[in-house]
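Worksheet: one structure, shown below.
In the numbering used here, the protein residues as written are 535 to 786.
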């Protein structure tokens, strides 16, 4: 892939996926790397081997310090560009961070809030379905009112497999509360259970934030949950990257 000189590389560094976007307005290209339990450097080399002309690298990361250091070293060696890792702040770009300790809010959640605020000035509920699932509320005046974190699909199914004997891995396409095999029961139970939790939490945000609240769905597992959620929402697959781009654009 030919990358024009002056391009900005944006990276959403999650617990199991690394999503990226190349921004050189009006051009916007995206991709993703699944790196769980795999060496990161060869994957970066394959994904970015043809990238040249990268002038900035901006990162929203919830990965381990070791993975962050690996990414930073690779970027510096590849492009002589040290990546800039963002962190949540008390207030910026129309969003007021309601956490008691603003810096404790995850960088990905902060970027998603900033990206959401740019989409709409209405009350917002941001559902990010990744390794962990976060469901956050943002008021019409840009106040982050808080949110919840719950284990995602892989974590829940992994916990069942680890904590109980001979259950087996979820299999098949069946999704019913009347599943007729153990594997299908695990698959249905975890998916229906998480979808139900999301619906309950979104409904509570709606009660607090009021009409007209807009729900935004993002994250690596968003497409898995989308058919099973019984409320209106808009899918924004690159929400964190869009917020990261806004943060980068407004920084000196």
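Yeah, the Cβ is synthetic: ideal placement off N, Cα and C, and Gly gets one too.
Rounding to the nearest angstrom, what Cα-Cα distance links residue i and residue j in this structure?
i: residue 773; j: residue 645; result: 8 Å
i: residue 546; j: residue 602; result: 11 Å
i: residue 691; j: residue 748; result: 30 Å
i: residue 696; j: residue 670; result: 29 Å
i: residue 566; j: residue 555; result: 9 Å
i: residue 590; j: residue 756; result: 29 Å
i: residue 564; j: residue 682; result: 28 Å
i: residue 736; j: residue 659; result: 7 Å
i: residue 716; j: residue 694; result: 12 Å
i: residue 758; j: residue 725; result: 9 Å
i: residue 667; j: residue 741; result: 20 Å
i: residue 784; j: residue 720; result: 46 Å
i: residue 638; j: residue 582; result: 31 Å
i: residue 786; j: residue 770; result: 27 Å
Is the distance from the Cβ of residue i to the Cβ of residue j below 7 Å?
i: residue 673; j: residue 685; result: no
i: residue 754; j: residue 551; result: yes
i: residue 632; j: residue 675; result: no
i: residue 743; j: residue 768; result: no
i: residue 722; j: residue 731; result: no
i: residue 688; j: residue 640; result: no
i: residue 558; j: residue 580; result: no
i: residue 778; j: residue 592; result: yes
i: residue 652; j: residue 780; result: yes
i: residue 548; j: residue 727; result: no
i: residue 594; j: residue 620; result: yes
i: residue 588; j: residue 544; result: no
i: residue 606; j: residue 617; result: yes
i: residue 568; j: residue 604; result: no
In the DSSP assignment, what residue or residues form a beta bridge with residue i?
i: residue 576; result: Answer by DSSP bridge pairing: none, since residue 576 is not bridged.
i: residue 659; result: 671 and 749
i: residue 558; result: 561
i: residue 608; result: DSSP lists no partner for residue 608.
i: residue 566; result: 553
i: residue 546; result: 553 and 594
i: residue 768; result: 750
i: residue 666; result: 685
i: residue 619; result: 593
i: residue 626; result: 629
In terms of residues, what are the limits of the alpha helix (DSSP H) holding residue i?
i: residue 778; result: 773-783
i: residue 759; result: 756-759
i: residue 642; result: 641-653
i: residue 743; result: 716-743
For residue i, report the span of its beta strand (DSSP E) as first-last.
i: residue 685; result: 678-685
i: residue 595; result: 588-595
i: residue 598; result: First-last for residue 598: undefined, no H or E at that position.
| Okay, do the region 748-767 and the region 617-632 touch, 3+ Cβ pairs below 8 Å being the bar? | Short answer: they don't touch.
| Does the region 645-655 touch the region 604-617, meaning 3 or more C-beta pairs lie closer than 8 Å? | Touching, no, given that fewer than three Cβ pairs across the two stretches are closer than 8 Å.
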